[in-house]
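Numbering (my numbering), first residue to last: 62 to 332. For every residue, glycine included, the Cβ atom is placed at its ideal position computed from N, Cα and C.
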Ligand SMILES: [Zn+2]
C-alpha cells in the first residue's frame, strides 16, 4: 500500500526547524506538484538557495531527511508542475511523501482565515496546527474517516462500478463515516444504501492514510446475511453491482490502496 515505504521510516513529529543540506522542497499549486517526473524527484534545498524561513515550513521527515512546504513564487529550472495523479502509480517514498505533503498544503490553503472571526490564521509554534491570533481558535489537519468493506457470499466477492465516471472499474463499497456513527454502523448503512445488501460478522481488517481525499480508510471484512437477493442500486452512486467468483475477479492495476489489497488477497484465497 502507498504508506508501506519500509525500510524507510516516516516521521511526523512536529518541528519548526528550517531546511538545510539535501532536504526536500515540496511545491504545490491547485491539484499539481513540482517535480522531475521521469526521474521521480522533487527539488532539494540546494536547488533553491533563495528559499528563506518565511517561504518554507517543515512538514515531516523520511529517515533523517526533512520535507518542507515551499510557499514562494520562484521555482528552480528542470522541474515542472505535474498532476497529483502521478502519485497513484506505486508505493514509494516519492508517492507517499508527495501526496501527504499535498494534503497538508491543501489544509493550509483552505484555512487561511479563522472560520469564527475572519482573522488571518498563524502556524502554531508547538504543534501541527493553525491558530487564530485574535480568538484562539485552533485548527488541526483535516483527516476524514471512511470505511471500505470486502463482503463475501461464500466464494464470491461483492464488487461495484461507480456511476458518473467514464472508466469506472469494479471496486469495493466504501463511504465516509457520518455524524453519530460507529465504523460498523457506516459499513451497514453504506451497503444498504448503495446496493441493498445486509451483512453479518463485520471484522476489522487494516487501515490506511489516503491523502488523495483527506481520508483515513478503515478496512473491514463482512459476510452476506441470508440468501442473495436482487441488488437495489443507488443509481446516483452505483452503475452496477456483482457477486464475482475469486477466479474471475479482475486484477487491480496496482496495490497502492487498501481496497486493491483486499481484492487481491480475496482473489488468491488469502482472506
Ligand atoms: Zn478567530
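Please list, in chain order, all residues of the same chain as residue i whose beta carbon is under 7 Å from its beta carbon, the five residues on each side excluded.
i           : result
residue 217 : 304, 305 and 306
residue 220 : 231, 232, 233, 303 and 305
residue 263 : 245, 248, 281 and 283
residue 105 : 83, 84, 85 and 86
residue 136 : 88 and 95
Excluding five sequence neighbours on each side, which residues of the same chain lie with their C-beta closer than 8 Å to the C-beta of residue i?
i           : result
residue 214 : 284, 285, 289 and 304
residue 70  : 123 and 124
residue 183 : 191, 192, 193 and 194
residue 166 : 87, 89 and 130
residue 268 : 277, 278, 279, 280 and 319
residue 187 : 75
residue 93  : 142, 143, 144 and 145
residue 324 : 211, 218, 220, 232, 233, 310 and 313
For ligand 1, is there any heavy atom lying closer than 6 Å to the beta carbon of residue i?
i          : result
residue 72 : no
Taking 6 Å as the limit between beta carbons, can you name the residues of its chain near residue i, skipping five residues before and five after?
i           : result
residue 321 : 313
residue 198 : 175 and 177
residue 261 : 284 and 286
residue 251 : 234 and 236
residue 189 : 75
residue 258 : 252
residue 117 : 80, 129 and 131
Let me check one thing: in DSSP terms, what residues is residue i bridge-paired to?
i           : result
residue 69  : DSSP, once it has assigned bridges, lists no residue as partnering residue 69.
residue 87  : 130
residue 181 : 174
residue 282 : 211 and 264
residue 94  : 89 and 143
residue 221 : 232 and 302
residue 154 : Per DSSP, none; premise fails for residue 154.
residue 270 : 277
residue 199 : 192
residue 122 : 72 and 127
residue 117 : 131
residue 237 : 207
residue 105 : 85
What residues sit near ligand 1, counting only those whose C-beta is closer than 6 Å to one of its heavy atoms, in chain order? Summarising the contact set, residues whose Cβ lies nearer than 6 Å to any heavy atom of ligand 1 are, in chain order, 175, 177, 178, 180, 193, 195, 196 and 198.
Next item on the list: Spell out a yes or no on whether the stretch 107–118 and the stretch 148–164 are touching, meaning 3 or more CB-CB pairs, one atom from each, closer than 8 Å.
Entry: Judged by pairs of C-beta atoms under 8 Å, the stretch 107–118 does not touch the stretch 148–164, as fewer than three such pairs exist.
Evaluate the contact criterion for the stretch 90–104 versus the stretch 141–151: three or more CB pairs, one atom per stretch, below 8 Å.
Short answer: they touch.
Exercise. Are at least three pairs of beta-carbons, each pair with one atom in the stretch 172–181 and one in the stretch 194–209, less than 8 Å apart?
Worked result: By the Cβ rule, the stretch 172–181 counts as touching the stretch 194–209, because three or more pairs are nearer than 8 Å.
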